[in-house]
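Counted from 1, the sequence shown has number 324 at position 324 by the working numbering; the numbering is strictly sequential.
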Amino acid sequence: MQSYYKIMKYENFSSKKLQICDFFCNFAPKMENLYRQLYNWYAQNRRVLPWRETNDPYAIWLSEIILQQTRVVQGMDYYMRFLNHWPTVEALAAADEAEVLREWQGLGYYSRARNLHKAAKQIVESQEPSGFPRTFDELRALPGVGDYTAGAIASFAYNLPYPAMDGNVYRVVARLLDIDEAFDTSAGKKLFHQKIETLLDRDNPRLFNSAIMEFGALYCTPVLGDACASCPLQAMCLGYAHGTAEVLPVRKPRPKVRDRWFTYTIYTDGTRTLIQRRENPKDIWYHLYEFPCEEGQTEDKYPFTHVLSHQKLHARFIVRKVQKMPDIAGTLVIRWEDLNDYALSRLTLRALDTLRLTPQN
Ligand code: SF4
């Protein structure tokens, strides 16, 4: 009943919140049932994912950073590549940032790669005999590690009782408890964290977090279809009982998407080309390489579009065959065959592919 009293303390007893309290008053003694149903489902349906088969905090941390905003199928390839290339945190710390960005190429959200590398250096520089950080607070203090990632590493590597709230878990919790507060505001996050603390199986945090994440990823998905009809958690689900599950969880309104227009010029003398590095840390693709670029809309057509979280990019690529490379400040002259040594945005890679540009062009 400890969980129930915690909820009573946090609530201010609006009627809906009282229903949640009633739920726990009636169901707290049956929490074991929730765990049993969830773990049974997990045992029968779980995917075999390499980062769930290890207790190595470095490998788990890598997987968690790679899988943010990335599908499992795509993330798997990058995870294996990173682990092969840099099997330990010491190896990753010793790498060049450019090399890390190069391996990350195509995954997007490049600040994750920069923070990964920065954190690896920080871990190695401050390394105590205990090695990788072992507590939630130490993990949370690493660059690029938020509450979710710290909770995931703490529970998966060390079986510490911290929740790991990813998007799938927010959805399951919102539906199970019929919470209509937006989960992506600071107040909403606080509320959801209070709720998950009451649900967390403190005896088996690793198992609980793995099972509820997988349940959200595979069963209680954004589009429910007829999943609720045969759901093992149906008897405990307030969203199902109230008919609200389909519209949960609630998000805050999305910010307006900003349009930008880029004109890239690809200079080539047959064997060489010009590239430049993006140098604004506040802008997209910091420290990635690209062809000389001018920003601004003209009346020309922009055949490429590339959608980022808050920006829609319209791009065109103009190929200029030259005898002598122009002298443009901030650019590098490189051989076409060396282009693969530089981290390029997915937009540039797509354009190269579409334009079928090869070293002979
Ligand atoms: S009953 Fe439906 S909404 Fe509730 S947990 Fe199951 S699948 Fe999700």
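C-beta atoms are modelled at their ideal positions from N, C-alpha and C, and glycine is treated no differently. Source: prediction; values computed, not measured.
L339 to Q105, Cα distance in whole Å? Here residue 339 refers to the residue found at position 339 when the sequence shown is read from its first residue. Here residue 105 refers to the residue found at position 105 when the sequence shown is read from its first residue. Going from the Cα of L339 to the Cα of Q105 covers about 13 Å.
Contact set for Y35: own chain, Cβ-Cβ below 6 Å, skip 5 residues either direction: One-based indexing of the sequence shown puts residue 35 at position 35. So the list reads D201, once near-sequence residues are dropped.
Cβ separation of G108 and R175, assumed to be a contact under 8 Å, to the nearest whole Å: For the purposes of this step, residue 108 is taken as the residue at position 108 of the sequence shown. For the purposes of this step, residue 175 is taken as the residue at position 175 of the sequence shown. Not a contact, Cβ separation roughly 29 Å.
Sorted by chain position, which residues of the same chain lie with C-beta nearer than 6 Å to W149's C-beta, five sequence neighbours on each side aside? Reading the sequence shown from its first residue, position 149 is the one you call residue 149. Per the sequence shown, the amino acid found at residue 149 is Thr instead of Trp. Around T149: E64.
Starting from L332, trace the alpha helix (DSSP H) in both directions and tell me its first and last residue. Sequence index remark: in the sequence shown, residue 332 carries index 332 (1-based). Per DSSP, L332 belongs to no alpha helix (DSSP H); it is in the beta strand (DSSP E), 331-335.
Collapsed DSSP secondary structure at A154 in the structure displayed: For the purposes of this step, residue 154 is taken as the residue at position 154 of the sequence shown. Looking at A154 - three-state DSSP - the assignment turns out to be helix.
Closer than 7 Å is what we want: which residues have a beta carbon that near any heavy atom of the ligand SF4? List them in chain order. V172, R175, L176, Y219, C220, L224, A227, C228, C231, L233, Q234, C237, G239, Y240, A245
For V223, which three-state DSSP category applies? Counting from one through the sequence shown, the residue named residue 223 turns up at place 223. Here V223 sits in coil by DSSP.
Other residues of its chain near Y170: CB distance less than 7 Å, five sequence neighbours each side excluded: Against the sequence shown, residue 170 aligns to sequence position 170. For Y170, where only same-chain residues beyond five positions count, the Cβ hits under 7 Å are F183, F192, P249.
Give me whichever residues DSSP pairs with R272 in a beta bridge. Position 272 of the sequence shown holds residue 272. DSSP lists R335 as partners of R272.
Quick check: the Cα distance between L349 and A120, rounded to an integer number of angstroms? What you label residue 349 is simply residue 349 of the sequence shown in a count that begins at 1. What you label residue 120 is simply residue 120 of the sequence shown in a count that begins at 1. Spanning the two alpha carbons is a distance of roughly 28 Å.
Give the straight-line distance between the Cα atoms of R335 and Q69, rounded to the nearest whole angstrom. Working through the sequence shown from its first residue, we reach residue 335 at position 335. Working through the sequence shown from its first residue, we reach residue 69 at position 69. Approximately 33 Å, taken between the alpha carbons.
Between R81 and the rest of its own chain, which residues show a CB-CB distance below 7 Å, the 5 nearest in sequence each way excluded? By one-based count along the sequence shown, residue 81 stands at place 81. Correct list, in chain order: E103.
What ranges does the alpha helix (DSSP H) occupy inside the stretch 116-144, keeping only unbroken runs of at least 4 residues that lie completely in it? 136-140
Excluding five sequence neighbours on each side, which residues of the same chain lie with their C-beta closer than 7 Å to the C-beta of N168? For the purposes of this step, residue 168 is taken as the residue at position 168 of the sequence shown. Once the five neighbours on either side are set aside, the close Cβ partners of N168 are M213, G216, A217.
contact_flag[the stretch 262-276, the stretch 318-325] where n(CB pairs < 8 Å) is 3 or more: yes
Pull the bridge partners of I318 from the DSSP assignment, please. As a position in the sequence shown, residue 318 is number 318, starting the count at 1. Looking at the DSSP assignment, I318 forms a beta bridge with T265.
Under three-state DSSP, which class holds H306? Indexing the sequence shown from 1 puts residue 306 at position 306. The answer is strand: DSSP assigns H306 an E or B state.
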